[in-house]
Structures are given as C-alpha cells and as structure tokens.
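Numbered by the working numbering, the letters in the sequence shown go through residues 1100 to 1399 in order. See structure below.
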Amino acid sequence: MAMDQSLIVFMTVAEKQNFTRAAEALHMTQPAVSQHIQALESSIGTKLLDRSNKHVRLNKAGEIVYRHGKEMEGLYTRMQRLVDDLMFTASGSLSIGASYTFGEYVLPHAIAYLQTHYPLIRPTITIGNTKDISALVAGGQLDIGIVEGELGLEKLHAESLAKDQMYVVTSSLHPIGTADDIDAARLQQETWIVREEGSGTREVTERMFLEQGLNPENRMVFGSTQIIKESVEAGLGVSLLSHWAVRKEIALGTISKLTVGGRPVERDFSLLTQLHQQHTKAAELFIAILREQKGWPEQA
1100 MAMDQSLIVF
1110 MTVAEKQNFT
1120 RAAEALHMTQ
1130 PAVSQHIQAL
1140 ESSIGTKLLD
1150 RSNKHVRLNK
1160 AGEIVYRHGK
1170 EMEGLYTRMQ
1180 RLVDDLMFTA
1190 SGSLSIGASY
1200 TFGEYVLPHA
1210 IAYLQTHYPL
1220 IRPTITIGNT
1230 KDISALVAGG
1240 QLDIGIVEGE
1250 LGLEKLHAES
1260 LAKDQMYVVT
1270 SSLHPIGTAD
1280 DIDAARLQQE
1290 TWIVREEGSG
1300 TREVTERMFL
1310 EQGLNPENRM
1320 VFGSTQIIKE
1330 SVEAGLGVSL
1340 LSHWAVRKEI
1350 ALGTISKLTV
1360 GGRPVERDFS
1370 LLTQLHQQHT
1380 KAAELFIAIL
1390 REQKGWPEQA
C-alpha cells in the first residue's frame, strides 16, 4: 500500500519549485507530472500552485495540502515500520531530534551504544533549538525529541530524562579559575559570553542572572557552545555551560567550573514524543536506552 501518486508528485513539485526538476527526481516525463497535478487539483476542487516562468509556488490551498501531505507521509512510513516490527527485528529508520547541548555532547554516545547493540537500526539526527525540535516531533517528522527545559505543547508527551547541571566556567588561568564556589557579586564585572535568544542555555543564564541579582554590562552573544568554550579557554570571558559540554576541557585542566552560592544551576533534559503515538520497535529500544542513560558520557 502506498500514498496517492498524485499527492507524491505534488509534494515533489512543491519542494523542487519546478516541474522539470520534479520530473527528473521522480523519473517521469514533464507531461506526466502535469497530468498528476491537474488530477489532484481537479479532485480537491481548486488550484494548488501559482506558476511563473521560473518558479512554481504553493498558494494558500497548496500550503494546506502540502502540510497535511507531509503528515500523511509520516503516517504511511510509521504504518509500514509497525508492520515490519511484527517480524520482531529491531531494524529500520529512526528519526531523532535534539537541542544543541544534548545533541552535540550526549546524543553521539547514546547513538554509538545503539549502533553497537542494534546495528540494523538506521538513525538520522536533526539538531535545532528547543522550539524547532518540539514542532517537528508534534508534526510527526521526528520520532523522538530530546530538549533542555520544560515546555507544554499540545500533541506532545514530555517526560524528564535527567538533570543537566550547569556551572559558571572560566579559563583555568583566570583570577577566579582556582575557586570552587564564587559570590554572585564578583561576577557582575566579568565579561559574559552568552548564547543567542531562543537558546535553552541562554534562557537558564538569564534565569540565573535574575535569581542572583546580576545584570552584567559586558556581554558578547555567540551562536554556538563550541565557540563559547574556545573563547572562555582563551580568557575572553566567563559563561554558564552544561557540565556535559565542558567535561573534556575540565579533564584537560584548561577550563574551571564554579558554583554560585554552593550549588550548580539545574535544568531538565526532556524526552518528547507525539501524544498517543504507537512507537516502533526501534523507537522503543532507543527510548529505553535514553531512560536508563546507557552509553551516556561520564560526568566531569
């Protein structure tokens, strides 16, 4: 059983924005592509595409059909995989999304564990901010999402996986780099290197500033944790980062981590799945690996 061929052709045209490129991708002739589009438009009762000399664009009706077509595509794929799972083989594709800290510093270890024990499962990884990953899980484009922080979204089931502990990090050569704990007031004059708006790490940093009564004037905004780590190492400033992100540098002795007021700042790693979704065998196994924290890197 397969999805309606005319709908598949329409979605390809929408993605390629061009009849010729769509025909090439589908290994069809251009007139055949046009016939499928006409058949679909006739069936639905309205035009779905705005055609110009160079590009083909979706109109409002086309956008609705395309969005629902993508959801149907996800359902068909899941249906086939659930049928395949009746064979009790842990195989097939598994789409995983994660926000940056988890995706870059924890997920690779969990995937390595999965591949060692279940080599027939083929994972694909999407890294994005919490908002984007949540939307992809809700829309059925991802089987599983792992994000930092709590969020309430319809269509989503969220459960806490683990606590992420975050520390003020400095170069080990920084004047405060030899301390284990520091008074918040001492951090007011430091240059702070923070992530961009919309980042989970930035959100926790702002929360810490608020709780500790801090409002540092010297701030730099960098779009990746890796750049922040390099900059902290080079003595450019201080930051608040997850212990997962700096475990190697801590072990090497190039970065120091400090608590403020005697304890790290905590947030949750949350596991997201679609509400009322029947999981494939591959998804079930990987969720179990995540819950049991198998293959996760050791804490620094």
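Backbone N, C-alpha and C define an ideal beta-carbon position, used for all residues, glycine too. The structure presented is a predicted model; accordingly, all values stated were derived computationally and were not measured.
(message) I'd like to know whether the C-beta atoms of residue 1116 and residue 1154 end up nearer to each other than 8 Å.
(response) Pairing residue 1116 with residue 1154 gives a Cβ-Cβ distance under 8 Å.
(request) Locate the beta strand (DSSP E) running through residue 1266, then write down its first and last residues. (result) 1255-1270
(message) Quick check: what's the CA-CA separation for residue 1135 versus residue 1113?
(response) 13 Å
(request) Reducing DSSP to helix, strand and coil, say where residue 1328 ends up. (result) Residue 1328 falls in the helix class under three-state DSSP.
(request) Within its chain, find whatever has a CB closer than 7 Å to the CB of residue 1276; leave out the 5 residues flanking it on each side and keep chain order. (result) 1269, 1270, 1355
(request) Have a look at residue 1367 and residue 1230 and give me their C-alpha separation to the nearest angstrom. (result) 15 Å
(message) To the nearest angstrom, how far is the alpha carbon of residue 1405 from that of residue 1333?
(response) The first residue shown for the chain is 1100 and the last is 1399, placing residue 1405 beyond what the model contains.
(request) Report the rounded CA-to-CA distance for residue 1242 versus residue 1342, giving the unit in angstroms. (result) Each residue's Cα considered, the two are about 27 Å apart.
(request) Output yes or no for whether 8 Å exceeds the beta carbon distance between residue 1202 and residue 1220. (result) no
(request) For the alpha helix (DSSP H) containing residue 1157, list its first residue and its last residue. (result) Residue 1157 -> not in any alpha helix (DSSP H); beta strand (DSSP E) instead, spanning 1155-1157.
(request) Pull up the CB-CB distance for residue 1371 and residue 1233, whole angstroms please, since I reckon it's below 8 Å. (result) 6 Å
(request) Using beta-carbon positions only, say whether residue 1374 and residue 1256 come within less than 8 Å of one another. (result) Contact: yes.
(message) For residue 1316, which residues in the same chain have their Cβ closer than 7 Å to its Cβ, ignoring the five residues on either side in sequence?
(response) Closer than 7 Å at the Cβ level, and outside the excluded window around residue 1316, lies no residue.
(request) Pick out whichever of 1260, 1128, 1218, 1198 has its Cα sitting closest to the Cα of residue 1392. (result) 1260
(request) Compare the Cα-Cα distances from residue 1172 to each of 1109, 1213, 1290 and report the closest residue. (result) Residue 1109 holds the alpha-carbon nearest to the alpha-carbon of residue 1172 among 1109, 1213, 1290.
(request) Determine the DSSP secondary structure at residue 1367, reduced to helix, strand or coil. (result) strand
(request) Would you mind giving the Cβ-Cβ distance between residue 1303 and residue 1364, rounded to the nearest angstrom? I have them listed as a contact below 8 Å. (result) 6 Å
(message) Suppose the cutoff is 7 Å on Cβ atoms and the five residues either side in sequence are ignored; what does the same chain contact list for residue 1111 look like?
(response) 1121, 1124, 1125
(request) Could you have a look at residue 1205 and say whether DSSP puts it in helix, strand or coil? (result) coil
(request) Grab me the residues of residue 1104's own chain with a C-beta within less than 8 Å of its C-beta, minus the 5 sequence neighbours each way, in chain order. (result) 1135
(message) Give me, in chain order, the residues of the same chain whose beta-carbon lies closer than 7 Å to that of residue 1133; leave out the 5 immediate sequence neighbours on both sides.
(response) 1118
(message) Checking 8 Å against the spacing of the C-beta atoms, do residue 1327 and residue 1338 come in under that value?
(response) yes
(request) Pull up the distance between the alpha-carbon of residue 1163 and that of residue 1137, whole angstroms please. (result) 17 Å
(request) Determine the direct distance from the alpha carbon of residue 1141 to that of residue 1384, and round the result to whole angstroms. (result) Near 44 Å, if we compare the C-alpha coordinates of residue 1141 and residue 1384.
(message) Using CA atoms only, rank isn't needed, just tell me which of 1395, 1193, 1301 is closest to residue 1346.
(response) 1395
(message) Is it buried or exposed, residue 1265, if we count other Cβ atoms within 10 angstroms and call 16 or more buried?
(response) Buried, by the Cβ-count rule.
(request) Grab me the residues of residue 1330's own chain with a C-beta within less than 6 Å of its C-beta, minus the 5 sequence neighbours each way, in chain order. (result) 1292
(request) Tell me whether residue 1057 sits in a helix, a strand or coil according to DSSP, three-state version. (result) Residue 1057 falls outside the range modelled here, since the chain spans only 1100 to 1399, and no answer is possible.
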